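Chemist:
In my numbering, the protein residues as written are 13 to 353.
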C-alpha cells in the first residue's frame, strides 16, 4: 500500500530524529524537569521502591548502562534481550542499547522458557538484562536458566537489590562507571515480539515509533506540564509510541503503571497534573462506569484495541476530552484516529 500525503508529511517531520537526540536535547534544556515517575504502589509487585528522575538523570543512567553493555565487546548491532515491563528499567535498557549501537529485543515478560530460548536463539542475542520480580513472575531466574542453554548469551544482568546468584548486579556495576560511549556508526532498529502469539522478533525502526507518537501527540496536544500514564506493559509499536515515544517527543512526564492497580491510577490522577491516559480497549467500559472517567485531571485518552476485538461495550462519552483510538494490526503496524472526527 502506498503511503498517503499525511503519512509522508508525518514521516518528514521526524526524519533525522531518534530517541538519543531527543533525550540529549531535553537533558540540556530541561534536565531537572520530571521525565519519569513510578506509581506509588510499585514496591508491592516489584520490590523496587517508587522513584522519580529528570531528563538529565535519565540521560546519565542510559549512558552508564551503554558503557557497561560495551565492556564484553559485542559486535555492532548485537542483540540485547530486555525482560522487564514497560517501566524505568526497560526504558533505560532500551535507550542504552540504542546508544551503544546495539539492538534491544523487548521480550514479553510472560514468555515461558521455551519461547524465550527461541527468541534468544533467533535474534542471536549476546546480552540480556531484566528485573527480579513482576508480581509472581521471576524474570531474572528465567533468564539465568535460559542462559545455561543459550549458546551465544554471554552476559545476564539484573536491576535492583534482589539479584539472584549467577546474575550480574547492574546497580553495583553501574555505580562508578564513567566511560565515554562512542557514537555508533548507525542506529539499530528496535526488535519487538507479538505479545499474543509470541512470534518474532520483528524489526521496528525508531522513526516509525516517533512518527506514530507525533501523530498521536498532534491529536492529544499534551502540554509539557502534563503527564502520560500508560497501563500498557508490552513493548510493541502501540505501547512504545503512546508511552516512551510520546514522552520523549513532547517532553512530558511518563508514568507507566507496570502492573495495573486501581489505587495507583487514582493516585496518578490526583497528582496535580493533567493526565493523558493510555488503556487497552477492554478497560474502557469499566472506566466509563467509574468516577475516574469523569475526573477533572483527565485531559486525553488513548484506547488501544486489536484487530477483530469486540468493541461493542460501553465507551467513555466526554465532549471535552480528546480521545484517540489506536488499532493494532501487528506489533509493527497501527492505525490512529481521533474519535468523533
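Think of the CB as a built atom: it goes at the ideal place given N, C-alpha and C, for glycine as much as any other residue.
Predicted model, so just to flag it, every value in this text is computed and none were measured.
Under DSSP, the alpha helix (DSSP H) around residue 30 begins and ends at which residues?
Modeler: The residue labelled residue 30 in the question sits at position 18 within the chain shown. No alpha helix (DSSP H) contains residue 30, which DSSP labels as neither H nor E.
Chemist: Quick one: give me the first and last residue of the alpha helix (DSSP H) that residue 259 is part of.
Modeler: In the chain shown, counting from the first residue as 1, residue 259 sits at position 247. Start and end: 258-262.
Chemist: On the criterion of 16 or more Cβ atoms from any shown chain inside 10 Å, does residue 82 qualify as buried, or is it exposed?
Modeler: Taking the first residue of the chain shown as 1, we reach residue 82 at position 70. Its Cβ being crowded by 16 or more others within 10 Å, residue 82 is buried.
Chemist: Can you find at least 3 beta carbon pairs, one from the region 61-80 and one from the region 100-114, that sit closer than 8 angstroms?
Modeler: These segments touch.
Chemist: How about the region 304-316 and the region 230-249: do they share at least three Cβ pairs that are nearer than 8 angstroms?
Modeler: As far as the Cβ criterion goes, the region 304-316 touches the region 230-249, which means the pair count is three or higher.
Chemist: Which residue or residues does DSSP assign as beta-bridge partners of residue 237?
Modeler: Position 225 of the chain shown, counted from the start, is the residue given in the question as residue 237. Note: residue 237 sits in no beta bridge, so no partner.
Chemist: Mark residue 229 as exposed unless 16 or more other C-beta atoms lie within 10 angstroms of its C-beta, in which case mark it buried.
Modeler: Working through the chain shown from its first residue, we reach residue 229 at position 217. The residue in question, residue 229, is buried, as its Cβ has 16 or more Cβ neighbours within 10 Å.
Chemist: Using DSSP with H/G/I as helix, E/B as strand and the rest coil, what is residue 15?
Modeler: Sequence index remark: in the chain shown, residue 15 carries index 3 (1-based). The predicted position of residue 15 is uncertain, since its pLDDT is 47 and thus under 50; no value can be drawn from it.
Chemist: What do you get for residue 32, buried or exposed, if any count of 16 or more other CB atoms within 10 angstroms of its CB means buried?
Modeler: Position 20 of the chain shown, counted from the first residue, corresponds to residue 32. By the neighbour-count rule (16 or more Cβ atoms within 10 Å), residue 32 is buried.
Chemist: Hey, out of 253, 184, 234, 85, whose CA is closest to residue 217's CA?
Modeler: Walking along the chain shown from the start, residue 217 turns up at place 205. Closest option to residue 217, Cα to Cα, is 253.
Chemist: May I have the straight-line CA-CA distance separating residue 404 from residue 48, to the nearest angstrom?
Modeler: Beyond the ends of the chain as shown, which are 13 and 353, falls residue 404; an answer cannot be given.
Chemist: Apart from the five residues on each side of it in sequence, which residues of its chain come closer than 7 angstroms, Cβ to Cβ, to residue 186?
Modeler: Residue 186 sits at position 174 when you count from the first residue of the chain shown. Only 76, 77, 80 meet the Cβ criterion.
Chemist: Does the beta-carbon distance from residue 172 to residue 143 come in below 8 angstroms?
Modeler: Stepping through the chain shown from its first residue, residue 172 is reached at position 160. Stepping through the chain shown from its first residue, residue 143 is reached at position 131. Cβ atoms of residue 172 and residue 143: closer than 8 angstroms.
Chemist: Let me confirm a value: residue 14 is counted as buried when at least 16 other C-beta atoms fall within 10 Å, else exposed. Which label applies?
Modeler: Start at 1 with the first residue of the chain shown, and residue 14 comes out as number 2. Caution is warranted here: a pLDDT of 42 is assigned to residue 14, below 50, making its placement in the model unreliable, and the coordinate value is therefore given only provisionally. Exposed is the call here.
Chemist: Hey, quick one: how far does the beta strand (DSSP E) through residue 49 stretch, first residue to last?
Modeler: On the chain shown, residue 49 is found 37 positions in, with the first residue counted as 1. 46-49 is the extent of the beta strand (DSSP E) around residue 49.
Chemist: Would you call the region 91-101 and the region 264-274 in contact, with 3 or more CB pairs under 8 angstroms?
Modeler: Touching, per the Cβ criterion.
Chemist: Between the Cα of residue 207 and those of 341, 58, 44, 37, spot the shortest distance and give me the residue it belongs to.
Modeler: Within the chain shown, numbered from 1, the residue matching residue 207 stands at position 195. For residue 207, the nearest C-alpha among the options comes from 341.
Chemist: Using 8 angstroms as the threshold, is the C-beta distance between residue 113 and residue 136 below it?
Modeler: Translated into positions along the chain shown, residue 113 becomes position 101. Translated into positions along the chain shown, residue 136 becomes position 124. Not in contact: residue 113 and residue 136 (Cβ atoms no closer than 8 angstroms).
Chemist: So, at 7 angstroms on beta carbons, what are the nonlocal neighbours of residue 199 in its own chain, with the 5 sequence-adjacent residues on each side left out?
Modeler: The residue you call residue 199 lines up with position 187 of the chain shown. Contacts found: 30, 110, 218.
Chemist: Identify, in the order they occur along the chain, each residue of the same chain with its Cβ nearer than 6 angstroms to the Cβ of residue 196, setting aside the five sequence neighbours on each side.
Modeler: Translated into the one-based positions of the chain shown, residue 196 becomes position 184. Excluding positions up to five away in sequence, the list reads 113.
Chemist: Does any residue of chain B bring its CB to less than 8 angstroms from the CB of residue 166?
Modeler: No chain B is part of this structure, which consists of one protein chain only.
Chemist: Check each candidate in 150, 73, 347, 264 and name the one with the smallest Cα separation from residue 193.
Modeler: Stepping through the chain shown from its first residue, residue 193 is reached at position 181. Out of 150, 73, 347, 264, 73 has the C-alpha closest to the C-alpha of residue 193.
Chemist: Cα separation between residue 274 and residue 302?
Modeler: For this step, residue 274 is matched to residue 262 along the chain shown. For this step, residue 302 is matched to residue 290 along the chain shown. Residue 274 and residue 302: Cα-Cα distance of roughly 11 angstroms.
Chemist: Using the Cβ count rule (16 or more neighbours within 10 Å means buried), how would you classify residue 163?
Modeler: Numbered from 1 along the chain shown, position 151 holds the residue referred to as residue 163. Answer is exposed; the Cβ neighbour count stays below 16.
Chemist: Do residue 102 and residue 67 come within 8 angstroms of each other at the CB atom, strictly closer than that value?
Modeler: For the purposes of this step, residue 67 is identified with residue 55 of the chain shown, where counting begins at 1. For the purposes of this step, residue 102 is identified with residue 90 of the chain shown, where counting begins at 1. It is not a contact, given that the beta carbons lie outside the stated cut-off.
Chemist: So for residue 151, helix, strand or coil by DSSP?
Modeler: Taking the chain shown and counting its residues from 1, one reaches residue 151 at position 139. Three-state result, residue 151: helix.
Chemist: Classify residue 183 as helix, strand or coil using the three-state DSSP reduction.
Modeler: The residue you call residue 183 lines up with position 171 of the chain shown. Helix.
Chemist: State the beta-bridge partners of residue 119 as determined by DSSP.
Modeler: Numbered from its first residue, the chain shown carries residue 119 at position 107. Residue 119 is not bridged to any residue.
Chemist: Going by DSSP, what residue range makes up the alpha helix (DSSP H) through residue 58?
Modeler: Residue numbering aside, residue 58 sits at position 46 when the chain shown is read from its first letter. Looking at the DSSP string, the run of the alpha helix (DSSP H) that includes residue 58 is 54-58.
Chemist: Compute the distance between the beta-carbons of residue 345 and residue 249, then report whether it is under 8 angstroms.
Modeler: Stepping through the chain shown from its first residue, residue 345 is reached at position 333. Stepping through the chain shown from its first residue, residue 249 is reached at position 237. Going by C-beta atoms, residue 345 is nearer than 8 angstroms to residue 249.
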